[in-house]
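In the working numbering, the protein residues as written are 1 to 329.
Single-structure report; data block below.
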């Protein structure tokens, strides 16, 4: 277990049951619908909102105002790539924090959830401006109460970049950002999925191709993917789609646009807690370890946890949910 700062020394260790120490089991259970089963007052209270960003993009989100809120604040949740505001880990975390008194905002990126019809252009990971705008607008729902962000995987990457932009474009009330299993180097993450256990590549390829087919049906005048959908790897499909992203000359230029490395986090002006595991099969933990220190950056790295797992007892006990409530309180 490694921590990049002593500011968060009070956290309790992550101690999964012995049968939960398998990285692949943790990663699979993280997205299990069982986690989100049962009553969910947060989901019952949710109302859908369409956020208009400055460039004309429209993003879909869900706001659950907590009637029991006593100044605890608002938490905006950012899902992983090809996840959504209704992903199991989002619903589970949102329910836990809602029961602790927080209001919740769950944001969908462009082309995630049921939002493919809202924008003609395709999603990609470098679309920080519109995501920042969506988070900024959600922060206003907090009023004068504290505002927090939690991101998962690609959402953790977005959360960290939003924390960096906060230094020059302040988000009123922002107190803390949590990044869970952040994909900091998208090229390395893509290779890890392509070259790792087949189950992860099949999972992401299935969801990505399904998303592209939706886009093709809604905007047939613009999208004709054809043989592109026959690609068998994430990297191959990324390169095959290059014609739809003329702003990037090649996929490495695209990946560099949202890579976080080196001393990037030295610009932070708000606390960021990164939670990662040594056995993550999707995101190389070295990318987290190699970040340069910052007074505002705290890294918590456990031996176990998989990718966005950190489940101590399935399905009810998730370590990062408890830690988020502690930090935000």
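For glycine and all other residues, C-beta sits at the position ideal for the given N, C-alpha and C.
Here's a check: name, in chain order, each residue in its chain whose Cβ is nearer than 8 Å to the Cβ of residue i, leaving out the five neighbours to either side.
{"i": "residue 317", "result": "311"}
{"i": "residue 2", "result": "Its pLDDT being 48, under 50, residue 2 is placed unreliably by the model, and the measurement read from it follows with that caveat. Cβ neighbours of residue 2 beyond the five flanking positions: 289, 299, 300 and 301."}
{"i": "residue 234", "result": "190, 193, 194, 201, 204, 205 and 208"}
{"i": "residue 171", "result": "135, 136, 139, 147 and 162"}
{"i": "residue 82", "result": "112, 204, 207, 208 and 211"}
Going by beta carbon distance, what residues of the same chain come within less than 6 Å of residue i, once the five residues before and after it are set aside?
{"i": "residue 16", "result": "304 and 312"}
{"i": "residue 237", "result": "231"}
{"i": "residue 72", "result": "101 and 102"}
{"i": "residue 11", "result": "323"}
{"i": "residue 287", "result": "184 and 185"}
{"i": "residue 321", "result": "93 and 96"}
{"i": "residue 219", "result": "120"}
{"i": "residue 68", "result": "101"}
{"i": "residue 6", "result": "For residue 6, the pLDDT reaches just 34, beneath the cut-off of 50, and the residue's location in the model is therefore unreliable, although a value from the coordinates is still provided. Counting only Cβ-Cβ distances below 6 Å, and skipping sequence neighbours, we find nothing."}
{"i": "residue 265", "result": "291, 294 and 297"}
{"i": "residue 196", "result": "281"}
{"i": "residue 319", "result": "14, 310 and 312"}
Along the chain, where does the alpha helix (DSSP H) containing residue i start, and where does it finish?
{"i": "residue 135", "result": "128-139"}
{"i": "residue 202", "result": "198-218"}
{"i": "residue 256", "result": "251-256"}
{"i": "residue 188", "result": "186-195"}
{"i": "residue 288", "result": "286-289"}
{"i": "residue 238", "result": "234-240"}
Under 8 Å between the Cβ atoms of residue i and residue j?
{"i": "residue 105", "j": "residue 141", "result": "yes"}
{"i": "residue 40", "j": "residue 91", "result": "yes"}
{"i": "residue 308", "j": "residue 162", "result": "no"}
{"i": "residue 281", "j": "residue 23", "result": "yes"}
{"i": "residue 59", "j": "residue 108", "result": "yes"}
{"i": "residue 45", "j": "residue 64", "result": "yes"}
{"i": "residue 178", "j": "residue 291", "result": "no"}
{"i": "residue 212", "j": "residue 229", "result": "yes"}
{"i": "residue 190", "j": "residue 130", "result": "no"}
{"i": "residue 175", "j": "residue 147", "result": "yes"}
{"i": "residue 284", "j": "residue 201", "result": "no"}
{"i": "residue 269", "j": "residue 167", "result": "yes"}
{"i": "residue 160", "j": "residue 275", "result": "no"}
{"i": "residue 215", "j": "residue 116", "result": "yes"}
{"i": "residue 272", "j": "residue 297", "result": "yes"}
{"i": "residue 122", "j": "residue 244", "result": "yes"}
{"i": "residue 152", "j": "residue 78", "result": "yes"}
{"i": "residue 35", "j": "residue 315", "result": "yes"}
{"i": "residue 89", "j": "residue 42", "result": "no"}
{"i": "residue 330", "j": "residue 149", "result": "The shown model of the chain, from 1 to 329, leaves out residue 330, and the question about it has no answer."}
{"i": "residue 74", "j": "residue 61", "result": "no"}
{"i": "residue 306", "j": "residue 329", "result": "no"}
Please list the terminal residues of the continuous beta strand (DSSP E) segment that includes residue i.
{"i": "residue 298", "result": "297-302"}
{"i": "residue 149", "result": "147-152"}
{"i": "residue 311", "result": "311-313"}
In chain order, what residues of the same chain have a beta carbon less than 7 Å from the beta carbon of residue i, not counting five sequence neighbours either side?
{"i": "residue 239", "result": "251"}
{"i": "residue 54", "result": "133"}
{"i": "residue 262", "result": "292"}
{"i": "residue 86", "result": "113"}
{"i": "residue 225", "result": "212 and 216"}
{"i": "residue 84", "result": "108, 112 and 113"}
{"i": "residue 257", "result": "126"}
{"i": "residue 223", "result": "215 and 216"}
{"i": "residue 66", "result": "98, 101, 102 and 103"}
Report the partner residues of residue i according to the DSSP bridge assignment.
{"i": "residue 331", "result": "Because residue 331 is not part of the residues shown, which for the chain are 1 to 329, the question remains open."}
{"i": "residue 176", "result": "148"}
{"i": "residue 367", "result": "The question about residue 367 has no answer, for the chain in this structure spans 1 to 329."}
Using only the heavy atoms of the ligand GDP, determine whether one of them is closer than 7 Å to the beta carbon of residue i.
{"i": "residue 248", "result": "As for the ligand GDP, it is missing from this structure, which has no ligand bound."}
Of all the alpha helix (DSSP H) runs that stay within the bounds of the segment 30-109, which reach a length of 4 or more residues? 41-44 and 88-99
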